[in-house]
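Add 622 to a position in the sequence shown, counting from 1, and you land on the number used in our numbering.
The beta carbon of each residue, even a glycine, is placed where N, CA and C say it ideally should be.
See structure below.
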Amino acid sequence: MKKIINGKKYDTDTANCVGDWANGYGHGDFQYAEERLYRKRTGEFFLHGEGGAMSNYAESYGNERYGGEKIIPLSENEAKKWAENHLNGDEYEKIFGSVDE
Numbered sequence: 623m624k625k626i627i628n629g630k631k632y633d634t635d636t637a638n639c640v641g642d643w644a645n646g647y648g649h650g651d652f653q654y655a656e657e658r659l660y661r662k663r664t665g666e667f668f669l670h671g672e673g674g675a676m677s678n679y680a681e682s683y684g685n686e687r688y689g690g691e692k693i694i695p696l697s698e699n700e701a702k703k704w705a706e707n708h709l710n711g712d713e714y715e716k717i718f719g720s721v722d723e
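Structure follows, in structure tokens:
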């Protein structure tokens, strides 16, 4: 997916996927959600999320809801917070470096 947001390009084909998470529901389920954390060559982070009709990524058309996808730019602190909540410690440190005990 490619999206221009505030004059900046976010492209899942050219950025490096550094982490991913899924809620465990199948792709056909209305509650399905999956997110991938990307880092651009510039060091900027963004989230690509997709999900079913009852997920945070749903799109509305009139009275109907459908599955959808979004790109969300993240600051480094927001990316770290996402990683803390969705990745294990080894995955986190692979992205952001070692953390003191």
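Item                                                                                            : Value
Where G674 falls, given that 16 or more other Cβ within 10 Å makes a residue buried             : buried
Contacting residues, own chain, Cβ-Cβ under 8 Å from N699 (five flanking each side not counted) : none
Backbone CA spacing between G671 and E656 [nearest angstrom]                                    : 6 Å
Opposing strand residues paired with W643 [DSSP bridges]                                        : E657
Opposing strand residues paired with I717 [DSSP bridges]                                        : In the DSSP output, where bridge partners are listed per residue, I717 has none listed.
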